[in-house]
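**Q**
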Amino acid sequence: MDKNSLLINLEDICFAYPGRAPSLDKLNLQFHQGDRMGLIGPNGSGKTTLLHIIMGLIKPSSGRIEIFGGHVEQEKDFRMVRQKIGFLFQDADDQLFSPTVLEDVTFGPLNLGKSQDEAKAIARRTLESLGLAGFEDRITYKLSGGEKRLVSLATVMAMEPEVLLLDEPSTGLDETTEKRLVEILKSVDFSYILVSHNIDLLIETTDYIGYMISGDISVDDDSIPHTHRHMHKHGKYAHKHDLSLPDKKS
Amino acid sequence: MIDEHFAIGDSFVHRLDPRVKIVVVFLFSVVVAVSTRFVVLLSALALGVCVTWLASLPTKELLRRLVPINIFIIFLWFFLPFTVEGKPYFSVGPLVGTHEGVLYAAQITIKSNAIVAVLIALVSSTSILTLGHAMHELRAPKKIVHLFFFTYRYIHVIHREYSRLVNAMKIRGFRPRTNMHTYKTFAYLVGMILVKSCDRAQRVHNAMLCRGFRGKLYSLSEFSLRTTDVISLILMLVVILGLGILEWTKIACS
Numbered sequence: 001m002d003k004n005s006l007l008i009n010l011e012d013i014c015f016a017y018p019g020r021a022p023s024l025d026k027l028n029l030q031f032h033q034g035d036r037m038g039l040i041g042p043n044g045s046g047k048t049t050l051l052h053i054i055m056g057l058i059k060p061s062s063g064r065i066e067i068f069g070g071h072v073e074q075e076k077d078f079r080m081v082r083q084k085i086g087f088l089f090q091d092a093d094d095q096l097f098s099p100t101v102l103e104d105v106t107f108g109p110l111n112l113g114k115s116q117d118e119a120k121a122i123a124r125r126t127l128e129s130l131g132l133a134g135f136e137d138r139i140t141y142k143l144s145g146g147e148k149r150l151v152s153l154a155t156v157m158a159m160e161p162e163v164l165l166l167d168e169p170s171t172g173l174d175e176t177t178e179k180r181l182v183e184i185l186k187s188v189d190f191s192y193i194l195v196s197h198n199i200d201l202l203i204e205t206t207d208y209i210g211y212m213i214s215g216d217i218s219v220d221d222d223s224i225p226h227t228h229r230h231m232h233k234h235g236k237y238a239h240k241h242d243l244s245l246p247d248k249k250s
Numbered sequence: 001m002i003d004e005h006f007a008i009g010d011s012f013v014h015r016l017d018p019r020v021k022i023v024v025v026f027l028f029s030v031v032v033a034v035s036t037r038f039v040v041l042l043s044a045l046a047l048g049v050c051v052t053w054l055a056s057l058p059t060k061e062l063l064r065r066l067v068p069i070n071i072f073i074i075f076l077w078f079f080l081p082f083t084v085e086g087k088p089y090f091s092v093g094p095l096v097g098t099h100e101g102v103l104y105a106a107q108i109t110i111k112s113n114a115i116v117a118v119l120i121a122l123v124s125s126t127s128i129l130t131l132g133h134a135m136h137e138l139r140a141p142k143k144i145v146h147l148f149f150f151t152y153r154y155i156h157v158i159h160r161e162y163s164r165l166v167n168a169m170k171i172r173g174f175r176p177r178t179n180m181h182t183y184k185t186f187a188y189l190v191g192m193i194l195v196k197s198c199d200r201a202q203r204v205h206n207a208m209l210c211r212g213f214r215g216k217l218y219s220l221s222e223f224s225l226r227t228t229d230v231i232s233l234i235l236m237l238v239v240i241l242g243l244g245i246l247e248w249t250k251i252a253c254s
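Residue numbers (this note's numbering), protein chains in the order written: chain W, 1 to 250; chain V, 1 to 254.
(1) Can you tell which of V:211, V:176, V:131, V:99 has its C-alpha closest to the C-alpha of residue 25 of chain V?
(2) Where in the stretch 57 to 143 of chain V do unbroken runs of the beta strand (DSSP E), each at least 3 residues long, occur, reported from the N-terminal end onward?
(3) Taking the alpha carbon of residue 33 of chain W as the reference point, which residue from W:193, W:65, W:211 has its own alpha carbon closest?
(4) Which stretch, first to last residue, makes up the beta strand (DSSP E) that contains residue 187 of chain W?
(5) Would you call residue 107 of chain W buried or exposed, if buried means 16 or more other Cβ atoms sit within 10 Å of its Cβ?
(6) According to DSSP, which residues form a beta bridge with residue 195 of chain W?
(7) Across the stretch 56 to 64 of chain V and the stretch 73 to 84 of chain V, are there enough close Cβ pairs to call them in contact, namely three or more that are closer than 8 angstroms?
(8) On the three-state DSSP scale, how would you describe residue 211 of chain V?
(9) If you follow the beta strand (DSSP E) that residue 32 of chain W is in, where does it begin and where does it stop?
(10) Starting from residue 129 of chain W and walking both ways along the alpha helix (DSSP H), at which residues does that stretch end?
(11) Check the DSSP bridge columns for residue 85 of chain W and list the partner residues they point to.
(12) Where does the unbroken beta strand (DSSP E) through residue 66 of chain W begin, and where does it stop?
(13) Counting only Cβ pairs nearer than 8 angstroms, list the residues of chain V close to residue 168 of chain W.
(14) Give me the Cβ distance between residue 169 of chain W and residue 86 of chain W, rounded to the nearest whole Å; I'm assuming they're in contact under 8 angstroms.
(15) Name the one or two DSSP bridge partners that residue 11 of chain W has.
(16) Say whether chain W places a C-beta atom closer than 8 angstroms to the C-beta of residue 254 of chain V.
(17) Assign residue 49 of chain W to one of three DSSP states: helix, strand, or coil.
(18) Taking the straight line between their C-alpha atoms, what separation do you get for residue 254 of chain V and residue 97 of chain W?
(19) At least one CB of chain V closer than 8 angstroms to the CB of residue 211 of chain W: is that the case?
(20) Mind reading off the beta-carbon distance from residue 37 of chain V to residue 246 of chain V? Whole number of angstroms is fine, and I expect it under 8 angstroms.
(21) Within the same chain, show all residues whose beta-carbon is closer than 7 angstroms to that of residue 154 of chain W, passing over the 5 residues directly before and after it, in chain order.
(22) How should residue 71 of chain W be labelled, buried or exposed, when 16 other C-beta atoms within 10 angstroms of its C-beta is the threshold for buried?
(23) List, in order along the chain, the chain W residues whose C-beta lies closer than 7 angstroms to that of residue 206 of chain V?
(24) If contacts are defined as beta-carbon pairs under 8 angstroms, then residue 159 of chain W and residue 211 of chain V qualify, I think. What distance do you get, rounded to the angstrom?
(25) Can you say whether residue 83 of chain W is buried or exposed, counting buried as having 16 or more other CB atoms within 10 angstroms of its CB?
(26) CB-CB under 8 angstroms to residue 193 of chain V, same chain, minus the five flanking residues each way: which ones, in chain order?
(27) Taking 7 angstroms as the limit between beta carbons, can you name the residues of its chain near residue 102 of chain V, skipping five residues before and five after?
(28) Please name the residue in V:142, V:155, V:138 whose C-alpha comes closest to that of residue 141 of chain W.
(29) Say whether chain W places a C-beta atom closer than 8 angstroms to the C-beta of residue 19 of chain V.
(30) For residue 200 of chain V versus residue 94 of chain W, is the C-beta distance shorter than 8 angstroms?
(31) Whole angstroms are fine: how far does the CA of residue 177 of chain V sit from the CA of residue 169 of chain V?
(32) Could you tell me how far apart the beta carbons of residue 6 of chain V and residue 134 of chain V are, in whole angstroms, since I believe they sit closer than 8 angstroms?
(33) Closer than 8 angstroms, Cβ to any Cβ of chain V: which residues of the stretch 70 to 81 of chain W, in chain order?
(34) Helix or strand or just coil, what does DSSP make of residue 248 of chain W?
(35) Taking DSSP as the reference, what is the three-state secondary structure of residue 100 of chain W?
(36) Reducing DSSP to helix, strand and coil, say where residue 18 of chain V ends up.
Following this line, the structure appears as structure tokens:
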């Protein structure tokens, strides 16, 4: 697949939860190979709903979905989609259902028809690439919040997807783990859509940011360089200030 | 939530192949449960004591685990002697206890304690994970094995959700009393946990679908039978068979 080929194409997607105002209203989205897209928007603006529709977990009431150039509609169409698009859930406890880390990470590859040995090798490699070597036999429910999130990411990445959908990956993470996540996202070679309320995370890890408003996405690409000052208490909490000014727009 | 401290240990019983343990516990329980002769039941109890001794479990904790079953049995002792028909044996006021009733209660007491002792010694000396995998290896129905794993995995999550709700109630000054408000609050609590668990199940299922789940779970563990496992299995099978023969042939034991 050549660079910039259209991976996900949504046309006029509408969706409403019963008894509520439509959360997606004639939504259009074109997502290309190599895109790193951020998605921000108020609570309940339909960000998670959108990701679920792409994965085929919920069906839109109207509209057309094309993924990897093909029209997808039925459950069996989405099975193919799920092999190529990895989805990181908001709550890691939803994602990690196996008793041990190794079993959870091998679950995806085994479903893709890999042999036990291949699956184990992939799992070990993925864990190692995320700095989680030695976690294989840990019990999933005993992991810390940050570890759970990173292991969840490993379970998704072990399927070697072409696209990642990340739903609020930084929620509940401390600064160190968030930094690790940013480093990982910057280093991987995936196209991804990242949903977050954390504007700093989005700016650091994505090329452009879409804003969900009244059931549609608007992309405002202009970045306006500015500095701002603020005062705060220092305390013992170590932190750094970057005092360099951003480049002026030429 | 689930403490598995009996599973930590390095006794002879701990090192046994979990499949052997499950088979032995199952056959032992069935044979003892249907036996009625005291010679069989007492031998079974003696066997139970031996096995717990072999597993070198802390006696105090072991007895603590036997308490719940025996509380239940105490109630049987209150009722069975007076409700089973037979020869009068003793009387308390207008109530007449029968010989058969007392024997029946005694049988149940010995049976349950023998079975539970063996169960504790053999099954709780195995970690829950290993048990699940062993069940899988023994070709237990897949659905049961999956239920077993999911229960183990999510009981903690559900318990945490429960604690969160209870704390949320406490910090707003809730104290259980005998009134409608309390009953209603508890009903909401239970209802909420149920709804949350259903939602959770839905989300977990979705997450599994996203990773290509098609109704098949895989097990990565492999067990291998060692000579001691085989010898123990044969030995235990012979003993259980012996108990069975003793029960069904009614060989006189003088």
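Idealized CB from N, CA, C, for every residue including glycine.
**A** On the basis of the data shown:
(1) Here residue 25 of chain V corresponds to residue number 25 of the second sequence, with the count starting at 1. That would be V:131, whose Cα lies nearest to the Cα of residue 25 of chain V.
(2) 88 to 92, 95 to 98
(3) By 1-based counting over the first sequence, the position of residue 33 of chain W is 33. Ranking the options by Cα distance to residue 33 of chain W, first place goes to W:193.
(4) Along the first sequence, read from residue 1 onward, the residue named residue 187 of chain W stands at position 187. No beta strand (DSSP E) holds residue 187 of chain W; the alpha helix (DSSP H) holding it covers 175 to 187.
(5) As a position in the first sequence, residue 107 of chain W is number 107, starting the count at 1. By the 10 Å Cβ count, residue 107 of chain W comes out buried.
(6) Indexing the first sequence from 1 puts residue 195 of chain W at position 195. The partner list for residue 195 of chain W (beta bridge, DSSP) reads W:39, W:167.
(7) no
(8) Here residue 211 of chain V refers to the residue found at position 211 of the second sequence. Reduced to three states, the DSSP call for residue 211 of chain V is coil.
(9) Along the first sequence, read from residue 1 onward, the residue named residue 32 of chain W stands at position 32. Here the beta strand (DSSP E) through residue 32 of chain W covers 24 to 32.
(10) Position 129 of the first sequence, counted from the start, is the residue given in the question as residue 129 of chain W. 116 to 129 is the span of the alpha helix (DSSP H), which, as asked, contains residue 129 of chain W.
(11) Looking up residue 85 of chain W in the first sequence gives position 85. DSSP output for residue 85 of chain W lists W:163 as bridge partner(s).
(12) By 1-based counting over the first sequence, the position of residue 66 of chain W is 66. Residues 62 to 67.
(13) In the first sequence, residue 168 of chain W corresponds to position 168, counting from 1. Correct list: empty, because the minimum Cβ distance to chain V is about 14 angstroms.
(14) Your numbering for residue 169 of chain W matches position 169 in the first sequence. Your numbering for residue 86 of chain W matches position 86 in the first sequence. At roughly 12 angstroms, the Cβ-Cβ gap does not stay under 8 angstroms, so residue 169 of chain W and residue 86 of chain W are not in contact.
(15) Along the first sequence, read from residue 1 onward, the residue named residue 11 of chain W stands at position 11. Beta-bridge pairing links residue 11 of chain W to W:64.
(16) In the second sequence, residue 254 of chain V corresponds to position 254, counting from 1. Residue placement at residue 254 of chain V cannot be trusted, given a pLDDT of 43 that sits under 50; the coordinates are not used to answer.
(17) Locating residue 49 of chain W in the first sequence gives position 49, where the first residue counts as 1. Residue 49 of chain W falls in the helix class under three-state DSSP.
(18) Counting from 1 along the second sequence, the entry for residue 254 of chain V is found at position 254. Counting from 1 along the first sequence, the entry for residue 97 of chain W is found at position 97. Bear in mind that the predicted position of residue 254 of chain V carries a pLDDT of just 43, short of 50, making it unreliable; the figure below should be weighed with that in mind. C-alpha separation (whole angstroms): 57 angstroms.
(19) By one-based count along the first sequence, residue 211 of chain W stands at place 211. No, its Cβ sits nowhere closer than 8 angstroms to a Cβ of chain V.
(20) The count along the second sequence starts at 1 and reaches residue 37 of chain V at position 37. The count along the second sequence starts at 1 and reaches residue 246 of chain V at position 246. Confirmed, about 7 angstroms.
(21) Walking along the first sequence from the start, residue 154 of chain W turns up at place 154. Only 105, 126, 127, 130, 132 meet the Cβ criterion.
(22) Working through the first sequence from its first residue, we reach residue 71 of chain W at position 71. Exposed.
(23) If you number the second sequence from 1, residue 206 of chain V lands on position 206. By Cβ distance, chain W contributes 57.
(24) Translated into positions along the first sequence, residue 159 of chain W becomes position 159. Translated into positions along the second sequence, residue 211 of chain V becomes position 211. 6 angstroms between Cβ atoms; contact.
(25) On the first sequence, residue 83 of chain W is found 83 positions in, with the first residue counted as 1. The residue in question, residue 83 of chain W, is buried, as its Cβ has 16 or more Cβ neighbours within 10 Å.
(26) As a first step, residue 193 of chain V is located in the second sequence; it is residue number 193 there, counting from the start. Here the set comprises 158, 161, 162, 165.
(27) Translated into the one-based positions of the second sequence, residue 102 of chain V becomes position 102. Once the five neighbours on either side are set aside, the close Cβ partners of residue 102 of chain V are 81, 89.
(28) Reading the first sequence from its first residue, position 141 is the one you call residue 141 of chain W. Residue V:155 is the option with its Cα nearest to residue 141 of chain W.
(29) What you label residue 19 of chain V is simply residue 19 of the second sequence in a count that begins at 1. Output row for residue 19 of chain V: interface = no.
(30) By 1-based counting over the second sequence, the position of residue 200 of chain V is 200. By 1-based counting over the first sequence, the position of residue 94 of chain W is 94. A contact, by the Cβ cut-off of 8 angstroms.
(31) On the second sequence, residue 169 of chain V is found 169 positions in, with the first residue counted as 1. On the second sequence, residue 177 of chain V is found 177 positions in, with the first residue counted as 1. Cα to Cα, the separation comes out at about 13 angstroms.
(32) The sequence position of residue 6 of chain V within the second sequence is 6, counting from 1. The sequence position of residue 134 of chain V within the second sequence is 134, counting from 1. About 16 angstroms separates the two Cβ atoms, so there is no contact after all.
(33) 79
(34) To locate residue 248 of chain W, count along the first sequence from 1; it is residue 248. Its pLDDT being 49, under 50, residue 248 of chain W is placed unreliably in this model, and the value from its coordinates should be taken loosely. Correct three-state label for residue 248 of chain W: coil.
(35) In the first sequence, residue 100 of chain W corresponds to position 100, counting from 1. Strand at residue 100 of chain W.
(36) The residue you call residue 18 of chain V lines up with position 18 of the second sequence. Looking at residue 18 of chain V - three-state DSSP - the assignment turns out to be helix.
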